[in-house]
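A.B. asks:
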Amino acid sequence: MNIQAIAANSAAGKEASTRLKVLNDKKVAEINEKNKQLQATQTKMNTSAGVLSESARSQLEKDIDRMQRDIQFSQQNAQAEVNDLQNELQGEFQQKLIPMIKAIAEEKGLQAVFSIQDSGVAYWDPGLDISDEVIKRLDAAPKTAPKK
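Here's what the structure looks like:
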């Protein structure tokens with residue numbers, strides 16, 4: 577079976593991808609806004625360098641340094657949030673998927689079901705691929721409310 581195809585083509589997989597994209601886009605927008613503020617402060621310092629007092633220039637340098645650290649921290653924090661959501665969604669997806677795979681395997685009398693991506697199988701009869709059946713059942717299953 578092709579788990580990537582199931583994730584890409586099932587309603588649950590598409591919903592998970594959308595949730596990840598929304599969070600990622602939100603975090604990117606937040607970081608871009610901080611970068612714009614940093615650039616504005618750097619521009620202010622560069623254009624006003626000759627007229628700024630030593631204390632004002634020193635304060636701007638401190639502000640720029642603080643902004644750079646804040647952006648770096650925000651990037652790390654955003655990546656951690658996206659990774660956490662991805663792990664949570666993968667766990668939820670697997671909890672839905674495993675009982676369906678088991679049921680289909682039992683119905684078809686299969687002793688084992690392999691993932692095409694990581695099984696090391698060099699050849700298989702495409703008729704044994706249960707991915708489409710898993711997608712149909714996953715899409716037909718009752719929806720559970722996403723965790724917040």
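Numbering-wise, the sequence shown is residues 577 to 724 according to the numbering used here.
Yeah, the Cβ is synthetic: ideal placement off N, Cα and C, and Gly gets one too.
Quick caveat, the model's predicted, so the values are computed rather than measured.
1. Since Met-577 and Ile-692 should fall inside the 8 Å C-beta cutoff, what is the C-beta to C-beta distance between them, to a whole number of angstroms?
2. Between which two residues does the alpha helix (DSSP H) harbouring Pro-675 extend?
3. Kindly list the residues whose CB is nearer than 8 Å to the CB of Ala-583, restricted to its own chain and excluding five residues on each side of it in sequence; keep chain order.
4. Taking Leu-704 as the reference, which of Leu-714, Ala-717, Gln-613 and Ile-677 has the closest Cα?
5. Under 8 Å between the Cβ atoms of Gln-662 and Leu-614?
6. Who are the near neighbours of Glu-709 in its chain, counting only those whose CB is closer than 8 Å to its CB and skipping five residues on each side?
7. Where does Asn-578 fall in DSSP's three states?
8. Restricting to Cα atoms, I'd like to know which of Ser-629, Ala-654, Val-627 and Arg-633 is closest to Thr-617.
9. Does Ile-607 come out as helix, strand or coil in the three-state DSSP assignment?
10. Just to check my reading of the structure: Gly-628 and Lys-672 have Cβ atoms closer than 8 Å, yes? What is that Cβ distance to the nearest angstrom?
11. Can you give the Cα-Cα distance for Thr-623 and Leu-665, rounded to whole angstroms?
12. How many angstroms separate the CA atom of Ser-695 from the CA atom of Gln-652?
13. Check each candidate in Ile-711, Val-689 and Lys-712 and name the one with the smallest Cα separation from Asp-701.
C.D. replies: According to the structure shown:
1. Between Ile-692 and Met-577 the Cβ distance is about 7 Å, and since that is below 8 Å, they are a contact.
2. Segment 630 to 684, the alpha helix (DSSP H) holding Pro-675.
3. Gly-589, Ala-592, Ser-593 and Phe-669
4. Ile-677
5. No.
6. Ile-680
7. In the structure shown, Asn-578 adopts coil according to DSSP, grouped into three states.
8. Looking at Ser-629, Ala-654, Val-627 and Arg-633, the one whose alpha-carbon comes closest to that of Thr-617 is Arg-633.
9. helix
10. The identity of residue 628 in the sequence shown is Leu, whereas the question assumes Gly. No, Leu-628 and Lys-672 are not in contact; Cβ-Cβ is about 60 Å, not under 8 Å.
11. 48 Å
12. 33 Å
13. Val-689
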